[in-house]
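Number of protein chains: 2
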Amino acid sequence: MSFLPPVIILVKPQLGENIGMCARAMLNCAVTELRIVAPRDGWPSESALSASAGAVEVIGNAKIFNTTADAIADLEYVLATTARSRDMSKPVILTDVAAREIRTRNNSGVQKCGILFGPERSGLENEDAVMANVLLNIPLNPQFSSLNLSQAVLLVCHAWLSADNPFVSAEILTDEETLAKKSDIEFLLNRLEGEIASRDFFRCPEQRPTIVRNIRNFFFRGQPTEQEIRTLQGIISCLIRERPNP
Amino acid sequence: MSFLPPVIILVKPQLGENIGMCARAMLNCAVTELRIVAPRDGWPSESALSASAGAVEVIGNAKIFNTTADAIADLEYVLATTARSRDMSKPVILTDVAAREIRTRNNSGVQKCGILFGPERSGLENEDAVMANVLLNIPLNPQFSSLNLSQAVLLVCHAWLSADNPFVSAEILTDEETLAKKSDIEFLLNRLEGEIASRDFFRCPEQRPTIVRNIRNFFFRGQPTEQEIRTLQGIISCLIRERPNP
Numbered sequence: 000m001s002f003l004p005p006v007i008i009l010v011k012p013q014l015g016e017n018i019g020m021c022a023r024a025m026l027n028c029a030v031t032e033l034r035i036v037a038p039r040d041g042w043p044s045e046s047a048l049s050a051s052a053g054a055v056e057v058i059g060n061a062k063i064f065n066t067t068a069d070a071i072a073d074l075e076y077v078l079a080t081t082a083r084s085r086d087m088s089k090p091v092i093l094t095d096v097a098a099r100e101i102r103t104r105n106n107s108g109v110q111k112c113g114i115l116f117g118p119e120r121s122g123l124e125n126e127d128a129v130m131a132n133v134l135l136n137i138p139l140n141p142q143f144s145s146l147n148l149s150q151a152v153l154l155v156c157h158a159w160l161s162a163d164n165p166f167v168s169a170e171i172l173t174d175e176e177t178l179a180k181k182s183d184i185e186f187l188l189n190r191l192e193g194e195i196a197s198r199d200f201f202r203c204p205e206q207r208p209t210i211v212r213n214i215r216n217f218f219f220r221g222q223p224t225e226q227e228i229r230t231l232q233g234i235i236s237c238l239i240r241e242r243p244n245p
Numbered sequence: 000m001s002f003l004p005p006v007i008i009l010v011k012p013q014l015g016e017n018i019g020m021c022a023r024a025m026l027n028c029a030v031t032e033l034r035i036v037a038p039r040d041g042w043p044s045e046s047a048l049s050a051s052a053g054a055v056e057v058i059g060n061a062k063i064f065n066t067t068a069d070a071i072a073d074l075e076y077v078l079a080t081t082a083r084s085r086d087m088s089k090p091v092i093l094t095d096v097a098a099r100e101i102r103t104r105n106n107s108g109v110q111k112c113g114i115l116f117g118p119e120r121s122g123l124e125n126e127d128a129v130m131a132n133v134l135l136n137i138p139l140n141p142q143f144s145s146l147n148l149s150q151a152v153l154l155v156c157h158a159w160l161s162a163d164n165p166f167v168s169a170e171i172l173t174d175e176e177t178l179a180k181k182s183d184i185e186f187l188l189n190r191l192e193g194e195i196a197s198r199d200f201f202r203c204p205e206q207r208p209t210i211v212r213n214i215r216n217f218f219f220r221g222q223p224t225e226q227e228i229r230t231l232q233g234i235i236s237c238l239i240r241e242r243p244n245p
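Those protein sequence lines, which keep their order, are chains E and P.
Using numbering that gives the first Met the number 0, the first residue of the first sequence is number 0, and each one after it goes up by one.
Using numbering that gives the first Met the number 0, the first residue of the second sequence is number 0, and each one after it goes up by one.
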């Protein structure tokens with residue numbers, strides 16, 4: 000990973016369990032640096048450790064601060080996550096734009112970025128948000144936008160992880176099976192056409208080319224593997240056998 | 000909202016609480032149609048309702064099915080969420096590509112899409128994944144990729160909500176033909192299996208499940224149209240006929 004992940008800063012989180020779930024969500028996205036401002040229930044927290052589901056690398060290295068100002072002191076670029084619109088003149092950017100912004104700033108190699116998240120119930124106070132460069136808004140259903148803290152962290156961290164992922168070809172077969180050569184498909188289809196033709200499948204000769212083209216289209220589109228071709232050949236052989244007497 | 004959201008299908012979920020959190024995550028992203036296959040702890044579920052945090056519109060309208068095949072019967076395009084690589088030849092696409100794919104298919108106004116999620120611990124079984132058109136992989140930190148069920152649902156639904164750039168998919172059929180419903184494919188495959196079984200295709204009974212799964216995988220992957228299903232039915236009828244005397 001050549002990009003520096005953003006620092007996640009939880010401001011006055013209430014439940015240890017939520018902090019642990021945030022740590023887990025962070026590590027899911029390869030984001031590892033967690034800072035916590037004045038956790039209500041103290042630190043270290045057994046419930047946080049337990050809820051982190053093994054994200055010890057994150058939860059065990061979390062740093063505790065008394066104030067938000069202290070927690071962001073060494074950062075160059077800070078985003079404040081907020082659902083409500085704020086009574087302040089500050090740019091608002093959406094998650095995907097924020098993710099690219101962080102990537103770009105890291106890419107230049109000098110700017111350390113952090114993302115602020117407020118307490119579970121109330122969100123960030125204006126005094127905290129005001130220290131950020133921009134407000135970060137997670138686009139959600141406006142009729143039902145209340146997110147769990149760890150889910151907000153997950154969406155933002157995952158946007159960062161996914162930003163700038165080199166485009167992965169959409170179509171990868173999952174195993175190492177060998178795709179059939181076109182000639183194998185051709186061979187199968189010629190056999191199939193011969194078998195059905197000899198059984199009067201094509202009642203109207205003038206429709207035969209269209210029907211054959213449609214059949215061919217289906218089998219080529221599915222792009223059979225070599226094994227699948229063998230199975231399909233076996234099925235044809237089987238179907239044209241007479242049924243054994245019971 | 001001019002795009003039809005995907006249907007979310009939870010296969011054999013264990014905890015009601017997780018089902019409720021999935022419903023909440025869905026509604027956060029304006030995804031409202033929930034289907035549940037054989038929930039372990041029964042239905043309706045008090046704990047699901049409570050964990051949904053007010054997403055009554057989703058949890059109250061959830062439909063229960065006995066089998067995955069029933070739950071996807073009316074869908075044209077199905078994605079199977081899976082972390083592990085599978086021993087099957089099936090395209091794998093990442094979350095953002097999947098989101099655009101669903102948007103694009105909805106945009107053409109005809110294709111109803113669904114996304115399968117497996118049980119909390121084990122994930123989807125191969126027999127379920129095989130009925131999907133593609134496998135859906137959520138890109139995560141490979142060293143720590145275990146996601147809570149509701150977080151997987153959240154990431155996938157949020158990708159759908161955020162995908163507002165429909166692109167032209169290579170996978171869309173080029174003409175206006177209607178894709179077959181999953182139940183039509185199921186009907187065809189059941190008939191095919193019966194016909195070859197009665198002709199001693201399965202010499203080793205213990206290999207039958209694997210062979211059947213591979214056959215099913217090929218036909219589901221090719222995503223036949225309604226017309227192609229009719230043609231394939233006709234081909235089976237034809238092949239099992241005795242050849243007329245010359």
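Positions of the beta carbon are idealized from the N, C-alpha and C atoms, including for glycine.
For P/V91, the enclosing beta strand (DSSP E) begins and ends at P90 to L93. At a cut-off of 9 Å between beta-carbon atoms, E/Q206 makes no contact with chain P. Uninterrupted alpha helix (DSSP H) stretches at least 4 residues long and entirely within the stretch 29-88 of chain P occur at 45-50, 55-58 and 67-70, given in chain order. Inter-residue distance for P/D69 and P/V152 is about 21 Å (C-alpha atoms, whole angstroms). Beyond the five residues adjoining it in sequence on each side, P/Q110 comes within less than 7 Å, by CB distance, of E75, Y76, R104 and L178 in the same chain, given in chain order. P/V133 has P/L78 as its beta-bridge partners, per DSSP. Taking the Cα of P/Q142 as reference, the smallest distance to any Cα among E/F2, E/V30 and E/I214 is reached at E/V30. Annotation: the continuous alpha helix (DSSP H) that includes P/F218 extends over R207 to G221.
Setting aside the 5 residues that flank it on each side, P/D127 is surrounded in the same chain by V10, T67, A79, L115 and G117, each with a C-beta closer than 8 Å to its C-beta; the list follows chain order.
Counting C-beta pairs closer than 8 Å gives three or more between the stretch 193-211 of chain E and the stretch 233-244 of chain P, which meets the contact rule. For E/I239, the chain P residues whose Cβ falls inside 7 Å of its Cβ are L238, in order along the chain.
Secondary structure at P/L139: coil, using DSSP grouped into helix, strand and coil.
Annotation: E/T81 has no Cβ neighbours in chain P at a cutoff of 7 Å; minimum Cβ distance is about 16 Å.
Classified as exposed, P/G53 has fewer than 16 neighbouring CB atoms from the shown chains inside 10 Å of its CB. Residues L9, P12, I35, P38, S44 and A47 of the same chain have their beta carbon placed closer than 7 Å to that of P/I18, with the five preceding and five following residues left out of the count. Taking 7 Å as the upper bound on Cβ-Cβ separation, chain E lies near residues A54 of the stretch 53-73 of chain P.
Beyond the five residues adjoining it in sequence on each side, E/M130 comes within less than 7 Å, by CB distance, of T67, A68, I71 and V77 in the same chain, given in chain order. Note: E/G233 is not bridge-paired with any residue in the DSSP secondary-structure output.
With its beta carbon less than 9 Å from one in chain P, E/E227 belongs to the interface. CA-CA distance, E/V57 to P/L26, rounds to 30 Å. Of all residues in the stretch 179-202 of chain E, those with a C-beta nearer than 8 Å to a C-beta of chain P are L191, E194, I195, S197, R198, D199 and F200, reading in chain order. Nearest to E/I184 by C-alpha distance, out of E/Q222, E/R212 and E/V211, is E/Q222. Taking a Cβ-Cβ threshold of 9 Å, the residues of chain P close to E/S161 are L93, T94, D95, P138 and A158, in chain order. P/L148 sits away from P/C28, with the two beta carbons spaced by 9 Å or more.
For P/Q13, the closest Cβ of chain E is not nearer than 9 Å.
Counted as a single uninterrupted DSSP element, the stretch harbouring P/C203 is not any beta strand (DSSP E), since DSSP gives it neither H nor E.
For P/F116, the uninterrupted beta strand (DSSP E) run begins and ends at C112 to F116, by DSSP. The distance from the Cβ of P/R220 to that of P/K89 is about 6 Å, consistent with a contact at the 8 Å cut-off.
Think of a sphere of 9 Å around the beta carbon of E/N105: no beta carbon from chain P falls inside it, the nearest being about 17 Å out. In the structure shown, E/I101 adopts helical secondary structure according to DSSP, grouped into three states.
Of P/A82, P/E119, P/V96 and P/C112, the smallest CA-CA separation from P/G15 is found for P/E119. Taking each of P/R190, P/R102, P/V91 and P/G113 in turn and checking the Cα distance to P/R229, the smallest one comes out for P/R190.
Between P/S161 and E/D40, the C-beta gap is not smaller than 9 Å, which leaves the two residues out of contact. One finds S88 in chain P with Cβ atoms closer than 7 Å to the Cβ of E/T224, taken in chain order. Within the same chain, and ignoring the five residues on either side of P/N216 in sequence, the residues whose Cβ sits closer than 8 Å to its Cβ are M87, S88, K89 and V129. Taken atom to atom, the span from the alpha-carbon of E/F186 to that of E/E225 is near 12 Å.
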